[in-house]
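The structure appears right after this line, and notes come after that.
2 protein chains.
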Amino acid sequence: MARIDHIDDPNAPAINSVVPSVTCVVQNDDGQVLMIHRVDNDLWAVPGGGHEPGESITDTVRREVREETGLEIEVLRLSGTYTNPRHVMAYDDGEVRQQFSLCFVGRAVGGRLRGDGVETKAVRWVAPADIAGLNLHPSMRLRIEHALDSGRTAPYLG
Amino acid sequence: MARIDHIDDPNAPAINSVVPSVTCVVQNDDGQVLMIHRVDNDLWAVPGGGHEPGESITDTVRREVREETGLEIEVLRLSGTYTNPRHVMAYDDGEVRQQFSLCFVGRAVGGRLRGDGVETKAVRWVAPADIAGLNLHPSMRLRIEHALDSGRTAPYLG
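Quick mapping for you: the protein sequence lines, in order, are chains A and B. The numbers in our numbering rise by one with no breaks, and the one at position 100 of the first sequence is 100. Position in the second sequence counted from 1, then plus 1000, gives you our numbering.
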């Protein structure tokens, strides 16, 4: 489904939905980050998606990473909240969702790397220094910076 | 609105709603905790309530504390996530909401203590040692324990 992100846009459509969602910064033993190349907006991102009723939030994180990358992970910690009401996502079915996202840090414990063949056209381990050269949404870049910032002792609140 | 909490209850009604909500453990300079005595279930609790579209999550925390206690607060940190899908809240209008709650720690920066006269029949600063003697829902007691646990370096994930 196509999606347009509006940030601080006075012409953004009115919010009609709030769905808690997650992203996860998964690192391997070499410190590389698990990245996906999304079909919907042609941007690189870390895996993630929306909470479904009946799940705990860590269930959601594990399911989304499994669906999008094939990997089983352990959720290590929460690295930030991203709930800026001036960041709005407009989908082509008319849903206008306020950003309400929690970002976690995880590590792979099993599974085998693969894309889902639908939402994802590539799945790759990327060294942090190489992330700068990829095309990422600024809000995604911020989540990764916060998650990898070892000087940060508590989750970012935004 | 009356509410019944079901935890690990095989006869709990089916979930039809997920609304992100918050609680906040506010302490004063003496280490006392800001507690309210709720009208709906006659239990003591820390202030909190549901996220409204157009708010950041810290906006929600500040608004709920203001509405329920009269105090203006600064949000200091996130102390835990509480998203157990086997904790279900059934309201008398038919809504059956899965628990999806974030707990924060705050400190008072202004305002004047008062109840809202509707949802709250008392508002009081309570020393941590005295909380044990109050009638609290176990899930609320857990949030307070996690928030006051100085040995905990990262938010509880549940």
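Yeah, the Cβ is synthetic: ideal placement off N, Cα and C, and Gly gets one too.
Interface residues of chain B facing residue i [CB-CB closer than 8 Å]
i: Ile-57 (chain A); result: Thr-1081, Thr-1083, Phe-1100, Leu-1157
i: Leu-78 (chain A); result: Leu-1078, Thr-1081, Ala-1154, Pro-1155, Leu-1157
i: Pro-20 (chain A); result: Val-1018, Pro-1020, Phe-1100
DSSP bridge partner residues for residue i (one or two, in chain order)
i: Phe-104 (chain A); result: A:Cys-24, A:Leu-78
i: Leu-1134 (chain B); result: Paired residues: none, contrary to the question.
i: Ile-1007 (chain B); result: B:His-1087
i: Gln-98 (chain A); result: A:Val-18, A:Val-88
i: Leu-157 (chain A); result: A:Thr-81
i: Val-1123 (chain B); result: B:Ile-1036
i: Ala-1045 (chain B); result: B:Ile-1036
i: Ile-73 (chain A); result: A:Ala-108
i: Gly-1050 (chain B); result: B:Ser-1021
Within chain A, partners of residue i - CB distance below 8 Å
i: Gly-1054 (chain B); result: Ile-15, Pro-85, Gln-98
i: Val-1075 (chain B); result: Leu-157
Chain A contact residues for residue i, given Cβ-Cβ distances below 9 Å
i: His-1146 (chain B); result: Ordered by position in chain A, no residue passes the 9 Å Cβ test against His-1146 (chain B), which lies about 13 Å from the chain.
Cβ-Cβ distance between residue i and residue j below 8 Å
i: His-137 (chain A); j: Leu-34 (chain A); result: no
i: Leu-1157 (chain B); j: Val-75 (chain A); result: yes
i: Arg-107 (chain A); j: Ile-73 (chain A); result: yes
i: Glu-1119 (chain B); j: Asp-1040 (chain B); result: yes
i: Val-1025 (chain B); j: Leu-1142 (chain B); result: no
i: Ser-101 (chain A); j: Val-18 (chain A); result: no
i: Pro-53 (chain A); j: Gln-1099 (chain B); result: no
i: Pro-85 (chain A); j: Ser-1056 (chain B); result: yes
i: Asp-1005 (chain B); j: Met-1089 (chain B); result: yes
i: Pro-1020 (chain B); j: Pro-20 (chain A); result: yes
Integer-rounded CB distance, given that residue j should sit under 8 Å from residue i
i: Gln-1032 (chain B); j: Ala-1127 (chain B); result: 5 Å
i: Glu-1068 (chain B); j: Asp-1130 (chain B); result: Their Cβ separation, rounded to whole angstroms, is 20 Å, which puts Glu-1068 (chain B) and Asp-1130 (chain B) out of contact at 8 Å.
i: Leu-71 (chain A); j: Gly-133 (chain A); result: Actually they are not in contact, since the Cβ atoms of Leu-71 (chain A) and Gly-133 (chain A) sit about 23 Å apart, beyond 8 Å.
i: Pro-1155 (chain B); j: Gly-1050 (chain B); result: Not really, about 20 Å apart at Cβ, beyond 8 Å.
i: Arg-1003 (chain B); j: Tyr-1091 (chain B); result: 5 Å
i: Val-1123 (chain B); j: Ile-1036 (chain B); result: 5 Å
Per-residue contacts from residue i into chain B (C-beta, under 7 Å)
i: Val-109 (chain A); result: Within 7 Å Cβ-Cβ: nothing; Val-109 (chain A) doesn't reach chain B, min ~16 Å.
i: His-6 (chain A); result: Result: empty, since nearest Cβ-Cβ is about 14 Å, beyond 7 Å.
i: His-51 (chain A); result: Val-1018
Assigned exposure category for residue i - 16 Cβ within 10 Å defines buried
i: Thr-160 (chain A); result: Nothing about residue 160 (chain A) can be reported from this structure: the residues present for chain A run from 1 to 158 only.
i: Leu-78 (chain A); result: buried
i: Arg-114 (chain A); result: exposed
i: Val-105 (chain A); result: buried
i: Val-109 (chain A); result: exposed
Chain E contact for residue i (CB, 8 Å cutoff)
i: Arg-38 (chain A); result: Structure shown: chain E not included; protein chains present are A and B.
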